[in-house]
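Peer 1:
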Amino acid sequence: MATKKTEDAFSLSFDPAKFADSFREFAEKGAVQSKDAYAKMKTAAEEATKTVEATLENAQSGSVELGLKAINALRTNAENSLSHMEALLGVKSLSELVELQTAFVRKQAEVAVEQAKTMQEATRKVAENVAKPGKEAAEKVVSTFKKA
Numbered sequence: 001m002a003t004k005k006t007e008d009a010f011s012l013s014f015d016p017a018k019f020a021d022s023f024r025e026f027a028e029k030g031a032v033q034s035k036d037a038y039a040k041m042k043t044a045a046e047e048a049t050k051t052v053e054a055t056l057e058n059a060q061s062g063s064v065e066l067g068l069k070a071i072n073a074l075r076t077n078a079e080n081s082l083s084h085m086e087a088l089l090g091v092k093s094l095s096e097l098v099e100l101q102t103a104f105v106r107k108q109a110e111v112a113v114e115q116a117k118t119m120q121e122a123t124r125k126v127a128e129n130v131a132k133p134g135k136e137a138a139e140k141v142v143s144t145f146k147k148a
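Using our numbering, you'd call the opening residue of the sequence shown number 1 and step up by one each time.
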């Protein structure tokens, strides 16, 4: 009797059909998991591409806007300077010259302050617009981590 129990304990029964079924099931699960991982990676890559494209588009339109504002400021300054030169050509006395020059400098200082405020505001808006797609993408990623 002792030999019978020893034989049962060391006997191996190998069923090739069960092994094939187990291996097939394992391979199918692996394929499904790989497809899921690929789909997630593809979606993430597409979203990242959209984010980069949106960021670049915002940067381009923002730099165009800033360039136009700078050109407008230069045009205004040039027009003011030419007007001032014309006024200086008609000066009849030194006191009139000093008065014109003082008024011009004061006006240019005010214009420069206003132009600086305008450029600062435009730059702030451009920076916000450029950062917006990345910020939204980051918030989306954070929200998915919070759900998980």
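C-beta: ideal position from N, C-alpha, C; glycine also.
Would you grab the beta carbon distance between Val-111 and Asn-80 for me? Rounded to a whole angstrom, and I think it's under 8 angstroms.
Peer 2: 7 angstroms
Peer 1: Would you tell me roughly how many angstroms separate the C-alpha atoms of Met-1 and Asp-36, rounded to the nearest one?
Peer 2: Confidence is the limiting factor: at Met-1 the pLDDT is only 48, short of 50, which leaves the residue's position unreliable, though a coordinate-based value still follows. Computed Cα separation, rounded: 54 angstroms.
Peer 1: By DSSP, does Ser-81 sit in helix, in strand, or in coil?
Peer 2: In the structure shown, Ser-81 sits in a helix (DSSP, three-state: H, G or I).
Peer 1: So for Gly-90, helix, strand or coil by DSSP?
Peer 2: coil
Peer 1: May I have the straight-line CA-CA distance separating Glu-28 from Ala-59, to the nearest angstrom?
Peer 2: 46 angstroms
Peer 1: Can you find at least 3 beta carbon pairs, one from the region 65–73 and one from the region 115–122, that sit closer than 8 angstroms?
Peer 2: With a cut-off of 8 angstroms, the region 115–122 and the region 65–73 count as touching, because enough Cβ pairs lie within range.
Peer 1: Less than 8 angstroms between the beta carbons of Glu-233 and Ala-137, yes or no?
Peer 2: For residue 233 there is no data in the structure shown, the boundaries of the chain being 1 and 148.
Peer 1: Given this structure, state the Cα-to-Cα distance separating Ala-39 from Gln-33, to the nearest angstrom.
Peer 2: 10 angstroms
Peer 1: Could you check the C-alpha separation between Ser-55 and Val-64 for me, to the nearest Å?
Peer 2: The question names Ser, yet the displayed sequence has Thr at residue 55. Straight-line Cα distance between these residues: approximately 14 angstroms.
Peer 1: Identify, in the order they occur along the chain, each residue of the same chain with its Cβ nearer than 8 angstroms to the Cβ of Thr-76, setting aside the five sequence neighbours on each side.
Peer 2: Val-111, Gln-115
Peer 1: On a Cα-Cα basis, can you pick out the residue from Thr-51, Thr-123, Ser-83, Ala-127 that is closest to Lys-140?
Peer 2: Thr-51
Peer 1: Let's test the definition: count the other Cβ atoms within 10 Å of the Cβ of Val-98 and tell me whether it reaches 16, buried, or not, exposed.
Peer 2: exposed
Peer 1: Closest to Glu-53 by CA distance: which of Lys-132, Thr-144, Phe-145, Ser-143 is it?
Peer 2: Lys-132
Peer 1: If the criterion is Cβ atoms closer than 8 angstroms, does the pair Leu-100 and Val-91 meet it?
Peer 2: yes
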